[in-house]
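Chemist:
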Amino acid sequence: MKYLFFLLLVIGVHFNSQAQSPAKPPVVLKPGRMQAQRNPAPNRPDVPPQFPGGAKALSDFLQQNIQYPEAARVSKTMGNVLTTFTIETDGRVRNPSVKTGLSPECDAEALRVLALLPVWKPATRKGQPVAIQVQLPVPFGNSSGLKIEQGKTKFE
């Protein structure tokens, strides 16, 4: 009986010590340590799609065409509607949708503005145009504009 009690005590202490061990720190990926994939997806572009005139022209286009909904203005709704759409191989915008909405009025306005987008220069992979899905935040309210950062990694 003494041995059984001692054995249970040792097992209990062992499991208790494992439960209180500190968690492993998370893995942090730093830009200098990341590398391009050796075998990327077959439709991953070498060159991203480009709005005519560049990122500044896209920001200007959005600011000129967005009509801030009256209901959103009254309720002081501000922020971004995150939209997604596909830029086809001919540069046309297809299948616009709202991924993260702000309000029904702002969401509808964002989709209206996406329908006005001109033809883009399509993304290319190995010199051939490829269709690609794009996420674009459409700003409403006190947004000072749209900042777009282009990646510098080339996938081969």
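Here the sequence shown stands for residues -19 to -1, 1 to 137, where the numbers follow mature numbering (1 follows the signal peptide of the UniProt record, and there is no 0).
Backbone N, C-alpha and C fix where the C-beta goes; we use that ideal spot for every residue, glycine too.
None of these values were measured; they are calculated from a predicted model.
Can you tell me the Cα-Cα spacing of Leu117 and Ala36, whole angstroms?
Modeler: Start at 1 with the first residue of the sequence shown, and residue 117 comes out as number 136. Start at 1 with the first residue of the sequence shown, and residue 36 comes out as number 55. Distance between the alpha carbons of Leu117 and Ala36 is about 11 Å.
Chemist: Assuming the contact rule is C-beta atoms closer than 8 Å, Ala112 and Pro29 should be a hit. Round their C-beta distance to whole Å, please.
Modeler: Within the sequence shown, numbered from 1, the residue matching residue 112 stands at position 131. Within the sequence shown, numbered from 1, the residue matching residue 29 stands at position 48. Not confirmed; about 13 Å, so no contact.
Chemist: Can you tell me whether Ser56 is buried or exposed, with buried defined as 16 or more other CB within 10 angstroms of its CB?
Modeler: Residue 56 sits at position 75 when you count from the first residue of the sequence shown. Exposed, by the Cβ-count rule.
Chemist: Would you report the Cα separation of Asp88 and Leu95, rounded to the nearest angstrom?
Modeler: Here residue 88 corresponds to residue number 107 of the sequence shown, with the count starting at 1. Here residue 95 corresponds to residue number 114 of the sequence shown, with the count starting at 1. Using only the alpha carbons, I get a separation of about 11 Å.
Chemist: Cα separation between Thr58 and Arg106?
Modeler: What you label residue 58 is simply residue 77 of the sequence shown in a count that begins at 1. What you label residue 106 is simply residue 125 of the sequence shown in a count that begins at 1. Their Cα atoms are separated by approximately 40 Å.
Chemist: Along the chain, which unbroken stretches of the beta strand (DSSP E) at least 3 residues long are found entirely within the segment 28 to 77?
Modeler: Entirely contained in the segment 28 to 77, the beta strand (DSSP E) runs reaching 3 residues are, in chain order, 60 to 68.
Chemist: Among Phe66, Arg25, Ala52, which one has its Cα closest to the Cα of Val119?
Modeler: Counting from one through the sequence shown, the residue named residue 119 turns up at place 138. It is Phe66 whose Cα lies nearest to the Cα of Val119.
Chemist: From the DSSP output, in three-state form, read off Pro99 for me.
Modeler: For the purposes of this step, residue 99 is identified with residue 118 of the sequence shown, where counting begins at 1. DSSP places Pro99 in coil when its eight states are reduced to three.
Chemist: For Gly82, I'd like the list of residues in its chain whose CB is within less than 7 Å of its CB, leaving aside the five on either flank, ordered along the chain.
Modeler: Position 101 of the sequence shown holds residue 82. Same-chain partners within the cutoff: Val62, Asp88.
Chemist: Could you tell me how far apart the beta carbons of Ala52 and Glu86 are, in whole angstroms, since I believe they sit closer than 8 Å?
Modeler: For this step, residue 52 is matched to residue 71 along the sequence shown. For this step, residue 86 is matched to residue 105 along the sequence shown. Their Cβ separation, rounded to whole angstroms, is 5 Å, which keeps Ala52 and Glu86 in contact under 8 Å.
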